[in-house]
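First the structure, in the form of structure tokens, and then the observations on it.
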Amino acid sequence: MNKVSLKYGIISEIDYASGTARVFIDELDIVTDWLTLPKRINENKIFSIKQQVSILLHENGEDGMILLEEPHDGNRPPSWASDHTEGVQFKDGTTIIYDTESKKLQINAGAGEIEFVCSKLTVSGDVIAGTEQISLVNHIHTTPVGPSGKPIPL
8 MNKVSLKYGI ISEIDYASGT ARVFIDELDI VTDWLTLPKR INENKIFSIK
58 QQVSILLHEN GEDGMILLEE PHDGNRPPSW ASDHTEGVQF KDGTTIIYDT
108 ESKKLQINAG AGEIEFVCSK LTVSGDVIAG TEQISLVNHI HTTPVGPSGK
158 PIPL
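Under the working numbering, read the sequence shown as residues 8 to 161, first letter to last.
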């Protein structure tokens with residue numbers, strides 16, 4: 008009978024193309040063979056080197072499977088995480104969060120830049136821009152002869 012045990016380790020290498028990673032287990036002072044990264048239903052996850060994970064490890068010390076990412080002092084769930092939000096938080100603080108209750112997708116790039124590259128971008132509804140919260144639907148310009156009218160749809 009094959010024995011497996013629950014171990015904790017740190018991802019040391021990732022092969023994104025094959026969906027596998029090698030894990031350093033400090034307790035045993037070993038690096039595992041290539042283990043499959045977990046697939047999750049209705050959840051996107053980006054794994055990275057130095058993440059702490061739990062694994063089921065075969066008694067031979069090489070074979071096993073990565074179960075999931077484990078929170079630790081340097082890797083606690085973000086403040087926006089809940090049972091109705093999914094998202095990705097990058098090292099620089101940039102976040103992409105979707106709230107299934109409010110149906111709101113939020114992209115926060117902070118001082119970063121967001122670029123859309125496409126042949127056509129269509130937005131249904133109002134677009135609110137800038138710190139002044141200027142509406143593209145209801146915006147009125149001040150002119151020398153008085154305020155302009157609202158924008159005219161094409």
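Note that the Cβ used here is the ideal one computed from N, Cα and C, for glycine as well.
The structure displayed is predicted, hence computed values, not measured ones.
Same chain, Cβ closer than 8 Å to residue i, five either side skipped, listed in chain order
i: Gly119; result: Asp99 and Thr101
One or two residues paired with residue i in a DSSP bridge
i: Ile32; result: Ile37
i: Gly94; result: Ile104
i: Lys14; result: Ile62
i: Asn67; result: The partner list for Asn67 (beta bridge, DSSP) is empty, contrary to what the question assumes.
i: Lys111; result: Asp106
i: Leu42; result: Ala28
i: Pro154; result: Thr149
Buried/exposed call for residue i, threshold 16 Cβ in 10 Å
i: Ile135; result: exposed
i: Ile141; result: exposed
i: Gln58; result: buried
i: Leu44; result: buried
i: Ala88; result: exposed
i: Ala24; result: exposed
i: Ile73; result: buried
i: Val60; result: buried
i: Ile18; result: buried
The beta strand (DSSP E) enclosing residue i, as first and last residue numbers
i: Leu75; result: Gly71 to Glu76
i: Tyr23; result: Tyr23 -> no beta strand (DSSP E), and no H or E assigned at all.
i: Asn145; result: Careful: Asn145 lies outside any beta strand (DSSP E) and carries neither H nor E.
Cut-off 7 Å between Cβ atoms - residues of its own chain near residue i, not counting five sequence neighbours on either side
i: His65; result: Asn9, Val11 and Gly71
i: Glu139; result: none
i: Asn115; result: Thr101 and Thr102
i: Gly26; result: Thr43 and Leu44
i: Gln96; result: Pro85 and Thr102
Inter-residue CB distance, residue i and residue j (contact presumed, cutoff 8 Å)
i: Ile21; j: Leu42; result: So it is not a contact: roughly 11 Å between Cβ atoms.
i: Glu164; j: Asp40; result: Outside the shown range of the chain, which is 8 to 161, sits residue 164, and nothing can be said about it.
Close Cβ partners of residue i (< 6 Å) along its chain, the five nearest in sequence each way excluded
i: Lys14; result: Ile32, Ile62 and Leu64
i: Gln113; result: Ile104
i: Val144; result: Asp133
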